[in-house]
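Just so you know, the protein sequences line up as chains E and Y, in that order. So in the numbering used here the end of the first sequence lands on 783, straight run, no missing numbers. So in the numbering used here the end of the second sequence lands on 1463, straight run, no missing numbers. Quick reminder that beta carbons are idealized off the backbone N, C-alpha and C, glycines included. Beneath this line is the structure, given in structure tokens, with notes to follow.
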Amino acid sequence: MFIDLHTHSAFSLLDGVPTPEQLVARAAALGMPALALTDHDAVYGLPAFETAADQAGVKAILGAELTVVDAPGAREPVHLTVLAEDGDGYANLCQLITLGRMNAPKGEARLPWTALHAHRAGLLVLSGCRRGPVTHQILDRDQLGVRRDREPARRALAELIAVFGRRQVVVEVQRSLRRGDVPISRALAELATEVQVPVVATGNVHYLSREEAATHDTLTSIRLRQPLAKLRPAANYERFLRNTTGMLALYPDLPGAVHASAEIAARCTARLPRGLQVLPVFPTPAGMDADQYLARLCQARLPDLYRREPRAAPLLEKELGLIKTLGLANYFLVVADIVAFCKREGILCHGRGSAANSLVARLLGISAVDPIAQALVVERFLSVEHGGTPDIDLDIDAARRERVIQYVYDRWGRDHAAMACTYVTFRSASALRDAAYAFGVTEDGGRRTDDGAATVVRPPSPVEAFAARLYGLPRHLGIHNGGMVVSGRPLAEIVPIEPATMETRTVVQFDKESLEALGIVKIDLLGLRMLAAIADTVEMVRVTRGIVIDLYALDGKDPAVYDQICSAHTIGLFQVESGAQVSIIPHLQPRNFQDLIAEVSLIRPGPLQGNMVRPYINRRTGREPVIYLHPLLKPALAETYGVIVFQEQVIKVARDVAGFTPGRGELLRRALGAKDPDTALGAFRGDFLRGAEANGVSLPVAEQIWMMLKGFAGYSFSKAHAAAFAVIVYWSAWLRVHHPVEYFCGLLRHAPLGTYPAHVLEAEARRCGIKFLPFDHWQSGTA
Amino acid sequence: MLPTLRVAHVELPDLVLQVELPHANGDALLVASALEPGQVLTCCAQARAVGITPGTSLYAARQHLPEAKVITADEATYHAIHASVQIALQTFTHGVETLRLGAWAVDLNGLPARDADLAEGLWRAAQAASQLDVRVGVAAGKFAAEQAALSAARSAVVAPGEEAALLAPLPLSTLPHLPGEVLRRLQLFDLHTLGDLAGLRRLAVLRQFGAEFASLHDLAQGRDPRPVQADAPPLRVARSLLLGSVDDRGQLLLAVQRVARQIGQHLNAKGYHAEALQLTLTLDDGQRVEIGGALKPPTSDPTRLMRQAAQWLGRLAVPAPVVSVVLNAYPLRSWHLGFYQRALRSSEAQARDDKARRLQTTLDTLARRFGDAAVRVATLLGPPVPLPIDVHFTREGQPARYRLGSQLKPILSVLETWREERNWWHQPVRRDYFRLQLADGSQTTIYQDRLSEKWFLARAWPR
């Protein structure tokens, strides 16, 4: 039985073709019971790999190929294949990758040999490819055969054993029909026998078939920035995944090396650490744990905001219970600490997204939305059932956001905080551009010549064909807009950290989806230019007029603000300035905060595709009656006149009609937003129809309701998110009404922002009677 | 007793005229000097017949031959032809001395071939490189060889000891650098040919004309001990690039690769190999950092030079921004040694003498030490052309023997197999290689082209 312990996916970034899912599928098709993924100095692909492997019934072996410098006797960096045997091994693998990455410029890795010893526990080390520390010493100068002098290789293997221990070292042999493969692998096998360590055969897989080798060459050309014509090509197209028979055919003299892979695979039991990371322990007063301290902070604030609201205390108690059950008290305290920092520093920040569902978030100042007044559902944010981790997003004054990010780094330490990454993939334009480069033609189709002159020739069809092959493959690592991960234990034990392009930032090797899949919570610190404009407006009003504006104290009921919005002169206002928004304002005529929430929510793909906008407006203006498909829908949809506008209403409909729990309702809502909703919804349809029937809803009506829910598939706002945005809409409108000069000044200072360019904002300001004067040194304080 | 010399003289007679005459369209031709304006550099036979000679003023020449076509000399073309012929000659030996434009002396000592073969080979190489009329003479000295060449229609070989006979009828003015006064006095003595001069006793000549005339007397007697002084490559070639205070490694790498490529291209054009490289970076604080080392084997391959320079740059600690990059290649040597000699030697019937065996051993040692690929790089011709063969198999499908022309080579065993596939985007190469142990004790490599299904002998090196 052969199990490949050395494979590269597309997450080796331009040095591998298959996605982790494709690798697993191929391994399953070949009857391989396990498979290792060993991308270059990275674990980017491991979450997808493990998930796909679990689904396919293939055991996932976690590993990486490390680039090690200063190996004894080696002048060049060497490659080591490292597999995690257990949880400690995975943690050490992450630490080693982190050390290697942090020791090199972005995109590279140089792990010092001396660092291996401290992080060797739980790791199984294979001696690597031709660039491995042992093989490297056994190769002759031209890499076509073996040296007569085996002593350097013997010493290199002894060094490896000295670091990791004899039990943890395996001599790796590879045969892919390259010249010298047979004598090299025989020499390595002899050496392994002599030193009494096992020998194992691996495939060093970079693609799934010979046909894909061309794609790999193209990726290599892009990686090395050398056109294919100038590239030193790989020897052949044989580095694909083979089954046991295929491998045995290559190793007629070393069948034991092929079968040894199964024994080694059996030793590797490491799994990715799933579940909430150990969050930083927030410093609490003596005698109080985080839960108690959180409760105290909330209860202290409760009377100020909800003195006359009897529903507040029970809701708070319920939320605190949920938070305790989920172990999220420290998470809330960490976010509240960031918000407190922003307030201390005068940086405008505002919670968005589902956090606005939470009363605790409101009490801690994270959100400005009142969840009780807006009848928001906390299960949309926190639920024991759906198991997903909460995701608190903070909109921050874009001009000052970096200070907040650096505060988080400083507050918890760079070992404990980092930003999420993104995998920048080939899109249509970049794939075509890079494929054209590889083939030596310019993007506009001309053939590239040595002196850069170009002629006008259509790109040969391979360029387009290869651009299509590249599409969707990860190209390089990017940085998430603002997602930060903080951890109590060193983050590098959970996920490797590497430098970002900005010197002051570091990123973890998992993107948003991977973090979510593993249950690692992140905090999104998002830069919002409108908040920067608003903050500048408030400051200008304070300086020029001596008026201090407390935005949080605005009650959302100023008629002048709604008059302004209803006039449809909304250029420069947050979220309601686009043509589509302006077109519904005359019909909707928003007169209160609820109307603003609806206004913000209606022009979204979900309501638009579900054909909800026109019925909503007609029913609200009395042009058509408010009807419900079934009376059970009334509690959920009464506030939106019988149509679905908000994400939460899906949960409520599922609960009222089919008896879904809030957690299961949340899962249904997520399925509606899935990339392939038909497949994702399949698991819910039967339950929904059965639940509806049990609640006395006839099958045809239940089907109609189900179709209504399906029609809502597509991007939409949660009411909490819309409410959070509506707050900023109100702030911007209020400032435009009461301090238009300073407001337009603030907008122009941070342009471009919103829908319109600066000259449109200027024209709108002139239309409002604002004069534009030449620059004045004295007034501007620059003289 | 002086050692016996064997020297070839290669001449492109009237190189300038050969180049320019086709442009005269049958008219009389005057070639005006580009370096000395107003003077005739050379002219056709018709012009010479009316008394025009090189050095005549152009004005006077036009007075004598007003219908002649005047063309300004194209020095660059003449020198390019000269350089290409010189490179061709250097494929035989590095002992090539430039005598003047279009004339060389070639040291044939030690070349394992017959003089006639060498003369013919040199003629072919020079003719192929220049596409002009070429004369070659081989004799036991430069002077005799030159005269043999000038008197030959194509090539001529003067047998050892026959030099004096060749030279005897030639006029005294043939002697190089013969002072006019000496010539006048010789003619007063009724001495008109080299044979006349050679017949005088040496002592009498010394007494009459002085010791400095002794060497001319030797020449007339066919004795010419002057060695061929090979054109030596320069001691080093340097290329530099000024940078505007660069601290980005990527930009630095590009700069270093650029100068390495330039050096490689220059060496290739000149026909030299670098034996060592030195990279020097000047930092903006005036400090200089250096790294370098030997190139084994020596090379002029720009790709290899770029890779080597990049590797050294990678090892170099650069503490401050760099303002200039200098790459030195040295010491240099001609790279034309080897392959032709092996080819010439193999053409000899008696190739298995001791000297040839020693050469073979040396070459094989080099191949083992540096690899076949390295030896190929170190030769002029690049990889040899594969030879088609017929392969016969055992029942098990293993190669049993192959036929190359009339030779049948039994195969003892297959030592190694491998597959090479590349160039899918342009001219695909898909081959299965077999390294074989032959029954005669030697090893060889054959391959099957998987696209044409045909078999080839991968190595066609002379053995």
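Is residue i helix, strand or coil by DSSP?
i       : result
Y/G1286 : coil
E/M32   : coil
Y/L1012 : coil
E/K106  : coil
E/I497  : strand
Y/V1377 : In this predicted model, Y/V1377 has a pLDDT of only 35, less than 50, meaning its place in the structure is not dependable; the value taken from the coordinates is given anyway. In this structure, Y/V1377 counts as helix in the three-state DSSP scheme.
E/K719  : helix
Y/W1104 : strand
Y/G1293 : strand
E/S367  : coil
Y/P1388 : strand
Y/L1344 : Bear in mind that the predicted position of Y/L1344 carries a pLDDT of just 45, short of 50, making it too unreliable to give a figure here.
E/G478  : strand
Y/N1328 : strand
E/H8    : coil
Y/V1040 : strand
Y/D1372 : Any answer about Y/D1372 is weak, because its pLDDT of 49 lies below 50 and its placement is not dependable; what the coordinates show is given next. In this structure, Y/D1372 counts as helix in the three-state DSSP scheme.
E/D776  : coil
Express the C-alpha separation of residue j and residue i in angstroms, rounding to a whole number.
i       : j       : result
E/F660  : E/A29   : 38 Å
Y/R1207 : Y/A1144 : 25 Å
E/A260  : E/A418  : 39 Å
Y/Y1433 : Y/V1391 : 13 Å
E/H569  : E/V741  : 16 Å
E/R179  : E/A48   : 35 Å
Y/A1294 : E/D4    : 41 Å
E/M1    : E/S601  : 57 Å
E/T425  : E/R664  : 33 Å
Y/A1269 : Y/A1073 : 24 Å
E/V521  : E/L747  : 34 Å
E/L14   : Y/R1419 : 24 Å
Y/V1322 : E/A533  : 43 Å
E/P280  : E/L364  : 18 Å
E/A398  : E/A290  : 31 Å
E/D451  : E/A234  : Only weak support is given to the placement of E/D451: the predicted model assigns it a pLDDT of 43, under 50, and the value that follows is read from those uncertain coordinates. For E/D451 and E/A234, the distance between alpha carbons rounds to 27 Å.
E/M707  : E/E211  : 44 Å
E/Q168  : Y/T1445 : 40 Å
E/A153  : E/V182  : 17 Å
Y/S1151 : Y/A1119 : 14 Å
Taking the alpha-carbon of residue i as reference, which of the options has the nearest alpha-carbon?
i       : options                               : result
Y/L1099 : Y/K1454, Y/L1242, Y/Q1229 and Y/H1273 : Y/Q1229
Y/L1241 : Y/G1222, Y/I1263 and Y/D1224          : Y/I1263
E/H630  : E/L667, E/D676, E/Q609 and E/G696     : E/G696
E/N243  : E/M32, E/L668, E/Q649 and E/R311      : E/M32
E/V508  : E/K59, E/R101 and E/S12               : E/R101
Y/R1223 : Y/N1328, Y/L1194 and Y/W1455          : Y/L1194
E/P590  : E/I61, E/L491, E/A720 and E/A733      : E/A733
Using 8 Å as the limit for Cβ to Cβ distance, is residue i near chain A?
i      : result
E/R271 : The displayed structure is made up of protein chains E and Y, and chain A is not among them.
Are the stretch 1173-1183 of chain Y and the stretch 1254-1269 of chain Y in contact at 8 Å, needing three or more beta carbon pairs?
no
For the stretch 1413-1434 of chain Y, list every residue whose C-beta sits within 8 Å of some C-beta in chain E, in sequence order.
E1416, T1417, W1418, R1419, E1420, E1421, R1422, N1423, W1424, W1425, H1426 and Y1433
Counting only Cβ-Cβ distances shorter than 8 Å, please list the residues of the stretch 153-183 of chain E near chain Y, keeping chain order.
L177, R178, R179, G180, D181, V182 and P183
Using a Cβ-Cβ cutoff of 7 Å, what residues of the stretch 231-256 of chain E are near chain Y? List them in chain order.
P233, A235, N236, Y237 and E238
Along the stretch 486-497 of chain E, what residues have a CB closer than 9 Å to any CB found in chain Y?
none
Answer yes if the stretch 49-60 of chain E comes into contact with the stretch 80-98 of chain E, meaning at least three C-beta pairs across the two stretches below 8 Å, and no otherwise.
no
Does the stretch 216-223 of chain E come close enough to the stretch 426-439 of chain E to have 3 or more Cβ pairs within less than 8 Å?
yes
Is it a yes or a no for the stretch 1119-1128 of chain Y touching the stretch 1007-1023 of chain Y, going by three-plus beta-carbon pairs under 8 Å?
yes
Of the residues that make up the stretch 348-374 of chain E, which ones have a beta carbon closer than 9 Å to any beta carbon in chain Y?
none
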